[in-house]
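Notes for the one structure printed next.
2 protein chains.
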Amino acid sequence: MTVSVVIVDDHDVIRVGVRESLDDDISVIGEARDVESAVAEIRAKAPQVVILDVHLPGGTGGGALDVLAEVLHRPGAPRVLALSVSDAAEDVVATVRAGARGYVTKSISGPDLSDAVRRVATGDAVFSPRLAGFVLDAFGAAGGEVAAADEDLDKLTEREQEVMRLIARGYTYREVAEKLFISIKTVETHVGKVLHKLQLSNRHELAHWAAQRRIV
Amino acid sequence: MTVSVVIVDDHDVIRVGVRESLDDDISVIGEARDVESAVAEIRAKAPQVVILDVHLPGGTGGGALDVLAEVLHRPGAPRVLALSVSDAAEDVVATVRAGARGYVTKSISGPDLSDAVRRVATGDAVFSPRLAGFVLDAFGAAGGEVAAADEDLDKLTEREQEVMRLIARGYTYREVAEKLFISIKTVETHVGKVLHKLQLSNRHELAHWAAQRRIV
DNA sequence: GGTCGAATCAGGGGGTTCCCTCATGGTGGA
DNA sequence: TCCACCATGAGGGAACCCCCTGATTCGACC
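Protein chains in written order, with the UniProt record's numbering: chain A, 1 to 216; chain B, 1 to 216.
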């Protein structure tokens, strides 16, 4: 049985590499290099599997996550295999949360990639060995740090996130206040709430927290 | 005129992508996926150009730099075109310092990559537009931020470096003082000297400075 | 229509950070 | 020997950070 796929990656070189690496029983019926054309291409071609670059630029939610949001929540949705240079826990968990059925890094070999596509097409979940741990941690009983990453961020209101980002970049309260056209006291209030919600004790820990999650 | 190249990248997919993206007048005469086989392959095949992944794992100097060190300093050395997902200034400058004649990111198109290979083969230096600035900064008259990295660190005495590391990690003056068994005032003095010597204005910039140089 | 959360702002207090000057003792080179 | 540099430390001040209480406005929700 031939599996139909659409490849989404902004790098020409990598799209070519993936296309040429796939076995003959996998048919590439479309390609896209940005969020908009990916969504259009996937809807038009209705592939069984989408091979999706996690670090796709553009969109409002980080690229790949936008594509997943647009494409998955409708009947006949394809299975999505995420492809990434990164094996950072945050990326993996965020992508899987968004609905990806597999996550492999670009260090995968051609035959293994073809195998992963076939297995995702039949409904399996496919993860590189060292990534499986992250996923299990994130969805396991204990939850773990990684799983809490997105939920922690969700606890913050939009304004709090905005302030948090600036503080994490090292701006003083005064500078944040000037940037956002609010008073210093308001900035203090927001920062206080952020620190409390994230259970951090000062702005340095906040900067570290944000850096780990690639928020800054 | 046909240009001979060796492709060095630990990712199968990317090697395939590069190979398939290159024009017919560029002949891939060898490939390698780690430092040792890259050095051996380049010496054996003597290509005109080596396409080298900057983030090659293994070796003692960061992978790609080891390959450059081994290969360049002998007669008949090939021209090296660095290929990277990263456009971070540190990576670019370190690679160029080590002798690469070009640096392009993986977002390059197939035709542009072929063109870059041909130009490097003829002796040109090839840099993506936004990378050229880094290189010029680093080698220009003023020296530039990047080039000054190690020299800046050398300006600090051992004690100052010790204090600087702890401050960059977010310890308060009090905590640093307790850790080093000195008074807070001494810590203040050291920090003040560090900030002055590095021409930084506060501990946040110091943390950022240290993080960029992977000191912390 | 009352309640609740989000966003805004104020006052005040205690600790921290950064800068300035100044001082002492040790070490190592000219 | 003397000077330069380093490590140590003190005093004081201005600004900044963090926390506390308390307040108003506005929109959403039941």
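Beta carbons: idealized from backbone N, C-alpha and C, even for Gly.
- Just so you know, the alpha carbons of Glu178 of chain A and Ser201 of chain B end up roughly 19 Å apart.
- What Leu200 of chain A touches in chain B, judged by beta-carbon distance under 8 Å, is nothing: the nearest beta carbon there is about 11 Å away.
- Flagged as an interface residue toward chain B: Gly170 of chain A, by a C-beta distance shorter than 9 Å.
- Straight through space, the alpha carbons of Ala69 of chain A and Ala98 of chain A are spaced by roughly 7 Å.
- Taking the Cα positions, Ala116 of chain A is about 13 Å away from Ser107 of chain A.
- Annotated three-state conformation of Thr105 of chain B is strand, per DSSP.
- Listed in chain order, the alpha helix (DSSP H) elements of length 4 or more contained wholly in the UniProt domain "HTH luxR-type" (149 to 214) of chain A are 158 to 168, 173 to 180, 184 to 198 and 203 to 212.
- One alpha carbon belongs to Ile167 of chain A, the other to Ile184 of chain B, and they sit about 26 Å apart.
- Val5 of chain B places its beta carbon 9 Å or farther from that of Asp25 of chain B.
- Membership of Gly99 of chain A in any beta strand (DSSP E) is not indicated, and neither H nor E is assigned to it by DSSP.
- Boundaries around Gly30 of chain A are those of the beta strand (DSSP E), Ile26 to Ala32, since no alpha helix (DSSP H) includes it.
- A check of alpha carbon separations from Gln48 of chain B across B:Arg203, B:Val194 and B:Val71 identifies B:Val71 as the nearest.
- Straight-line measurement puts the Cα of Arg174 of chain A at about 52 Å from the Cα of Ile7 of chain B.
- Inter-residue distance for Ala100 of chain A and Leu156 of chain B is about 49 Å (C-alpha atoms, whole angstroms).
- Glu160 of chain B and Thr186 of chain B have their C-alpha atoms roughly 10 Å apart.
- Using beta-carbon distances, Ile184 of chain A does not count as an interface residue toward chain B, since no partner is under 9 Å.
- In the three-state reduction of the DSSP assignment, Leu83 of chain B falls in the strand class, which pools E and B.
- Counting only the Cα atoms, Val35 of chain B lies some 33 Å from Glu31 of chain A.
- Shown in chain order are the members of the segment 14 to 40 of chain B whose Cβ falls below 7 Å from a Cβ of chain A: Ile14, Val16, Gly17, Val18, Glu20 and Ser21.
- Just so you know, the alpha carbons of Ala46 of chain B and Pro78 of chain B end up roughly 7 Å apart.
- DSSP, read as helix, strand or coil, puts Leu56 of chain B in coil.
- At least one C-beta of chain B is nearer than 9 Å to the C-beta of Ser109 of chain A.
- Listed along chain B, no residue sits closer than 8 Å to Asp115 of chain A by beta-carbon distance, the nearest being about 13 Å off.
- Nearest neighbour of Ala211 of chain B by Cα position, chosen from B:Ser37, B:Gly170, B:Gln199 and B:Ala38, turns out to be B:Gly170.
- For Gly17 of chain A and Arg213 of chain B, the gap between their C-alpha atoms comes out near 33 Å.
- Against chain A, the beta carbon of Asp66 of chain B has no neighbour under 8 Å; the closest one sits roughly 19 Å away.
- For Leu113 of chain B, the enclosing alpha helix (DSSP H) stretches over residues Gly110 to Ala121.
- Interface residue (Cβ-Cβ distance to chain A less than 9 Å): Lys179 of chain B is not classified as such.
- Leaving aside the five residues that flank Val163 of chain A on each side, the residues in its chain whose CB is nearer than 8 Å to its CB run, in chain order, Val176, Leu180, Val187, His190, Val191 and Val194.
- Here Ile51 of chain B is bridged, per DSSP, to B:Ile7 and B:Leu81.
- If you ignore the 5 residues before and after Arg203 of chain B, its C-beta comes within less than 6 Å of the C-beta of Ile167, all in its own chain and listed in chain order.
- Within the same chain, Arg33, Asp34, Asp53, Leu56 and Pro57 come within 7 Å of Asp10 of chain A by CB-CB distance, once the 5 residues on both sides are set aside.
- Here Trp209 of chain B has Leu198 and Leu200 as same chain residues with Cβ atoms under 7 Å from its own Cβ, once five neighbours each way along the sequence are excluded.
- When only Cα atoms are considered, Arg119 of chain B and His196 of chain B end up about 44 Å apart.
- Taking a C-beta distance under 9 Å as the contact criterion, Gly110 of chain B and Val13 of chain A qualify as a contact pair.
- Taking a C-beta distance under 9 Å as the contact criterion, Leu153 of chain A and Ser21 of chain A do not qualify as a contact pair.
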